[in-house]
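See structure below.
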Amino acid sequence: MVITVNGADVSLVSDGETTLLTALRDELGLVGTRFGCGQGLCGACFVDVEGTVMPSCQTPLWQVEGRAVTTVEGLSRDGEAHPVQQAILDRQAAQCGFCISGIVVRAAALLRDEPDADADRVAEALDRNLCRCGSQRRIVEAVLAARESV
Amino acid sequence: MTQLPAHVPPHIEGNPRLGTWVTVADGLVHVHVGKVELGQGIVTALAQIAADAIALPLSGIRMVPAHTTHGPDEGLTAGSLSVLQAGPALRHVGAVVRALADPGRQGYVERIAALDPETDLRAAPVAEPVATVAVGSSAPRLDLPGKVLGRASYLTDRRPKGLLHGRVLRPPSPGTRLVSLDPQWKAAGVTLIRDGSFVGVVGEHEVDVDRALPRLADGCTWVESDTLPDERGLPEWLRAGPHEDIEVLDEGPVGATLSASYSKPLLAHGSIAPSVGMARWDRAGLHVWSHSQGIHPLRLAIAAALSLDPAAVEVEHVENAGCYGHNAADDAAFDAVLLARAVPGRPVLARWSRPDELTWAPLSPAMTATVSAALVDGRITAWSYDVYGLGHSSRPGYRGAPGLLGAAYLETPVPLPQPTDPPLAAGGGTTRNAVPIYDVGPRRVTGHRRVDGPFRTSAMRALGAYLNVFAIESFIDELADEAGADPVDFRLAHLSDPRAARVVAEAARLAGWSDPLPDDVGRGLGFARYKDEGAYCAVVAEVGVTSSVAVRRLTLVADLGLVVNPDGARNQLEGGATQSVSWTTRERVRFDRRRITTTDWELYPILTFGEAPPVDVHLVTSDAPSVGAGEAAQGPTAAAIANAVHRALGVRVRDLPLDADAIVRAIEQSE
Numbered sequence: 624m625v626i627t628v629n630g631a632d633v634s635l636v637s638d639g640e641t642t643l644l645t646a647l648r649d650e651l652g653l654v655g656t657r658f659g660c661g662q663g664l665c666g667a668c669f670v671d672v673e674g675t676v677m678p679s680c681q682t683p684l685w686q687v688e689g690r691a692v693t694t695v696e697g698l699s700r701d702g703e704a705h706p707v708q709q710a711i712l713d714r715q716a717a718q719c720g721f722c723i724s725g726i727v728v729r730a731a732a733l734l735r736d737e738p739d740a741d742a743d744r745v746a747e748a749l750d751r752n753l754c755r756c757g758s759q760r761r762i763v764e765a766v767l768a769a770r771e772s773v
Numbered sequence: 013m014t015q016l017p018a019h020v021p022p023h024i025e026g027n028p029r030l031g032t033w034v035t036v037a038d039g040l041v042h043v044h045v046g047k048v049e050l051g052q053g054i055v056t057a058l059a060q061i062a063a064d065a066i067a068l069p070l071s072g073i074r075m076v077p078a079h080t081t082h083g084p085d086e087g088l089t090a091g092s093l094s095v096l097q098a099g100p101a102l103r104h105v106g107a108v109v110r111a112l113a114d115p116g117r118q119g120y121v122e123r124i125a126a127l128d129p130e131t132d133l134r135a136a137p138v139a140e141p142v143a144t145v146a147v148g149s150s151a152p153r154l155d156l157p158g159k160v161l162g163r164a165s166y167l168t169d170r171r172p173k174g175l176l177h178g179r180v181l182r183p184p185s186p187g188t189r190l191v192s193l194d195p196q197w198k199a200a201g202v203t204l205i206r207d208g209s210f211v212g213v214v215g216e217h218e219v220d221v222d223r224a225l226p227r228l229a230d231g232c233t234w235v236e237s238d239t240l241p242d243e244r245g246l247p248e249w250l251r252a253g254p255h256e257d258i259e260v261l262d263e264g265p266v267g268a269t270l271s272a273s274y275s276k277p278l279l280a281h282g283s284i285a286p287s288v289g290m291a292r293w294d295r296a297g298l299h300v301w302s303h304s305q306g307i308h309p310l311r312l313a314i315a316a317a318l319s320l321d322p323a324a325v326e327v328e329h330v331e332n333a334g335c336y337g338h339n340a341a342d343d344a345a346f347d348a349v350l351l352a353r354a355v356p357g358r359p360v361l362a363r364w365s366r367p368d369e370l371t372w373a374p375l376s377p378a379m380t381a382t383v384s385a386a387l388v389d390g391r392i393t394a395w396s397y398d399v400y401g402l403g404h405s406s407r408p409g410y411r412g413a414p415g416l417l418g419a420a421y422l423e424t425p426v427p428l429p430q431p432t433d434p435p436l437a438a439g440g441g442t443t444r445n446a447v448p449i450y451d452v453g454p455r456r457v458t459g460h461r462r463v464d465g466p467f468r469t470s471a472m473r474a475l476g477a478y479l480n481v482f483a484i485e486s487f488i489d490e491l492a493d494e495a496g497a498d499p500v501d502f503r504l505a506h507l508s509d510p511r512a513a514r515v516v517a518e519a520a521r522l523a524g525w526s527d528p529l530p531d532d533v534g535r536g537l538g539f540a541r542y543k544d545e546g547a548y549c550a551v552v553a554e555v556g557v558t559s560s561v562a563v564r565r566l567t568l569v570a571d572l573g574l575v576v577n578p579d580g581a582r583n584q585l586e587g588g589a590t591q592s593v594s595w596t597t598r599e600r601v602r603f604d605r606r607r608i609t610t611t612d613w614e615l616y617p618i619l620t621f622g623e624a625p626p627v628d629v630h631l632v633t634s635d636a637p638s639v640g641a642g643e644a645a646q647g648p649t650a651a652a653i654a655n656a657v658h659r660a661l662g663v664r665v666r667d668l669p670l671d672a673d674a675i676v677r678a679i680e681q682s683e
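In the order they appear, the protein sequences are chains A and B.
Under this note's numbering, the first residue of the first sequence is numbered 624, with each subsequent residue one higher.
Under this note's numbering, the first residue of the second sequence is numbered 13, with each subsequent residue one higher.
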């Protein structure tokens, strides 16, 4: 099976029922996409599939065959952080950071689609991303700051 | 100028070899610490202290994660003690390094490399303290770039050569034995491993072990039994005993006739990643990688559970998701140990599932408290406090028992210990912060820990302080109402500690305490000094109450003594307060008579982005010794919200969480 991951076509030996998350982490070694619940309820494993953000833990490979998947690794190119990542670092808007990959993917998609999103809209867009350390408000502020440079 | 040390910090007494703390490689001074990164930023704060102590820039040192062989034993990373304990040790190490290697001359790092690692830090000369450069600055977290850029940052991301993935099939409920396992059972790509009622699989590929697990469940027959009490009567069950009483103090209060009772439910840690452990057995012994809060106790517990020579067991710390207390990290490490035992030479990475994490990890205990006081002419003149609960520690080795989940299900089981409490000198558990900070006349404070609980409870952020501060600070507001006084004025009138009074007054001022609010919005204050001698923290909550409680804004003022990293401290306070909003407004572990039933994020919902309030954090400048920030805000935030709900609604809600059910019940009781 062939899918496009972060701009490159990759051929996978995993079968079609394997989740995209497992294929990314275990077969491709792209461990930036995190396993948080395996039930599509926490957002830690969000990836962008041709403009739609989805939980990769609930996405079987057959569903993305021939399609383009962007993971958190694909957002920072040539060593340069995505503006959302840079803003999170600038504002130290993370504690343990385990939820951040999925948040970065979701926020990057939001700012691509709605470059003028306000604080309420950012919070709403991130409502399916859970953070347990209590960094929510810092993250919202960071995403707002990133609007300038997207 | 150098001298012999007048006073040697305790962590140096326990780890007196220079080479345990400092080595040099690749031109960098490697600083080995025993405190571990749990997502709280401690390694960055300790790096700041170490850099200043050694007189190098932050970029000249590298922090090495805790390791039972190659680093100091600094006990647990818990109780907001890391800066307090590791700070003086690192300053001492740095003073010795400077005395022996002279930072003033070219070739300083090379001279550090040439120091005798066997140098006894207790007897070596120490240089005078130097001015701080890094300490006091908001240095960015050293560990965040990799995490934010999506690099392999966590234990769960490790992929060493020869790795096998492991999964354990937990029983369907705690009071369970595996009576039979289909002898024909097999699944593609995995090896079955069984020891008594401990059963799991290992395999080359994650997909295979994940697929095998539900099939393994189908192949198992268990005998279950009902071991849990009736959830609806939990506070009464806690009060019924049998108890071990904890006499905190008794000054013979009389006439304490005003009274109220408060409660909190069982809570889950709810770390965003399920726990994981990795282990490999080979001829040299057993090597374990864990995100435990205490790798040294874990090492001893593993050795004890399996009757191994502790010298053959090595544990190193690797970060995983945020840790808020004794969660399943140690258990997952032991799962990996048991699975890896069947495949010598191969590292096994054992990851828990989300349902297991929410139901099998230790829980924060349910508690209930009754507080009584006398009020004469607007002043509190007597105080009596009884708090009932379950033990706040069942950490590995805590009562001489290994305390590792998997061990309790082996063919030769090593039972889990009955949870207990840390000693009062360490802040206690059930009675943590049970003594009011106010001048209240003669006091009596007693804890009652139920000693036959069927729940696996242990330490979660703030331990008993969360409920005790909620109860005390709610009751202080009730007394202020009774006295016809403003809650802030009433507190200040009963506070003789100037640092306490300053924090309370400042929080009220910054929050606009007297500013008018809409009808369905209330403002409330909560305050405490964590563990009686730690951080002062006052929180003002602005809360809207319609069908549910919506926290609109928090204003937080803290006095942490000398602050190592101001932004890091603010981040910890903000995170602690936000997590407490979640605990306080919605969280409750549910159960039936057999098992915990809150198995996923829909059944155990936590605060979402849309619900998280802005938290305005202010630090009071202070030269007092540094104290931790991570556990200061939880209790005050809970009380501030409850007091604000009372202002908004005119009804006192005394049972946590402050959800729609609790509010309806409180309204019914008040009518």
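Even glycine gets a Cβ: it sits at the ideal position worked out from N, Cα and C.
By the criterion of Cβ-Cβ separation under 7 Å, what are the contact partners of residue i in chain A?
i, result
"B/F482", "Chain A residues near B/F482: none, gap ~18 Å exceeds 7 Å."
"B/K159", "A717, G720 and I723"
"B/Q52", "Q718"
Going along chain A, which residues have a C-beta under 9 Å from residue i?
i, result
"B/E643", "By Cβ distance, chain A contributes nothing, its closest Cβ being about 13 Å from B/E643, past 9 Å."
"B/T590", "C754, C756, G757, S758, Q759 and R760"
Counting only Cβ pairs nearer than 7 Å, list the residues of chain B close to residue i.
i, result
"A/E696", "G162"
Name the residue from the options whose alpha carbon lies nearest to the alpha carbon of residue i.
i, options, result
"B/P434", "B/P427, B/L475 and B/L428", "B/L475"
"B/S721", "B/I307, B/L127, B/I54 and B/T609", "Any property of residue 721 of chain B remains undetermined from this structure, which presents chain B solely from 13 to 683."
"A/L647", "A/V676, A/E696 and A/G702", "A/E696"
"B/G51", "B/S71, B/Q584 and B/R602", "B/Q584"
"B/S769", "B/A143, B/T380 and B/R514", "Nothing about residue 769 of chain B can be reported from this structure: the residues present for chain B run from 13 to 683 only."
Tell me whether residue i sits in a helix, a strand or coil according to DSSP, three-state version.
i, result
"B/T443", "coil"
"A/H705", "coil"
"B/D128", "coil"
"B/P186", "coil"
"B/D571", "strand"
"B/A474", "coil"
"A/S699", "coil"
"B/S71", "helix"
"B/W33", "helix"
"B/L58", "helix"
"B/F539", "strand"
"B/S319", "coil"
"A/C680", "helix"
Need the endpoints of the beta strand (DSSP E) that residue i sits in, please.
i, result
"B/L181", "L176 to L181"
"A/G652", "It is not in any beta strand (DSSP E) - A/G652 carries neither H nor E in the DSSP assignment."
"B/D673", "Taken as a continuous stretch (DSSP letters only), B/D673 belongs to no beta strand (DSSP E), being part of the alpha helix (DSSP H) at A672 to S682."
"B/E725", "The requested residue 725 of chain B does not occur in the structure, where chain B is confined to residues 13 to 683."
"B/L392", "The question names Leu, yet the displayed sequence has Ile at residue 392 of chain B. B/I392 -> beta strand (DSSP E) spans R391 to G401."
"B/H44", "L40 to H44"
"B/L522", "Run containing B/L522: none in the beta strand (DSSP E); it sits in the alpha helix (DSSP H), P510 to L522."
At what residues does the alpha helix (DSSP H) containing residue i begin and finish?
i, result
"B/K159", "L156 to V160"
"B/W372", "R366 to W372"
"B/P226", "E218 to G231"
"B/P648", "Q646 to L661"
Just to make sure I have the definition right: I need the residues of chain B whose C-beta is within less than 9 Å of the C-beta of residue i. Which are they?
i, result
"A/E747", "F621 and G622"
Along chain A, in chain order, which residues have C-beta atoms closer than 8 Å to that of residue i?
i, result
"B/S376", "Those do not exist, as B/S376 stays about 13 Å from chain A at its closest Cβ, beyond 8 Å."
Can you pull the chain B residues whose beta carbon is under 8 Å from the beta carbon of residue i, in chain order?
i, result
"A/S699", "L161 and G162"
"A/A732", "Under the 8 Å cutoff, chain B gives no residues; its nearest Cβ is about 15 Å from A/A732."
Requested in this report: Pull out every residue of the segment 611-641 of chain B whose Cβ sits closer than 8 Å to any Cβ of chain A, in chain order.
Outcome: Those would be D612, W613, E614, I618, L619, T620, F621, G622, A624, P625, P626 and V627, in chain order.
Query raised in the report: Using Cβ-Cβ distances below 7 Å, what residues of the segment 352-371 of chain B are close to chain A?
Result: Residues of the segment 352-371 of chain B with a C-beta less than 7 Å from any C-beta of chain A: S365 and R366, listed in chain order.
Query raised in the report: For the segment 87-109 of chain B, which residues have a CB atom closer than 9 Å to at least one CB atom of chain A, in sequence order?
Result: Within the segment 87-109 of chain B, no residue qualifies.
**Report entry** Against chain D: residues of the segment 322-344 of chain B by CB proximity under 9 Å
**Finding:** Note that chain D does not occur in the displayed structure, where the protein chains are A and B.
Query raised in the report: If you measure beta-carbon to beta-carbon, which residues of the segment 205-232 of chain B are closer than 9 Å to chain A?
Result: Of all residues in the segment 205-232 of chain B, H217, E218, V219, D222 and R223 have a Cβ within less than 9 Å of some Cβ in chain A.
Requested in this report: Output, in sequence order along the chain, the residues in the segment 624-638 of chain A whose CB is closer than 7 Å to any CB in chain B.
Outcome: Listed in sequence order: S637.
Report task. Could you run through the segment 180-199 of chain B and flag, in chain order, every residue whose CB is less than 9 Å away from some CB of chain A? Result -> For the segment 180-199 of chain B, which is checked against every Cβ of chain A, not one residue is closer than 9 Å.
Query - Under 7 Å (Cβ pairs) to chain A, residues found in the segment 131-156 of chain B - result: Taking a C-beta cut-off of 7 Å against chain A, the contacting residues of the segment 131-156 of chain B are P152, R153 and L156, listed in chain order.
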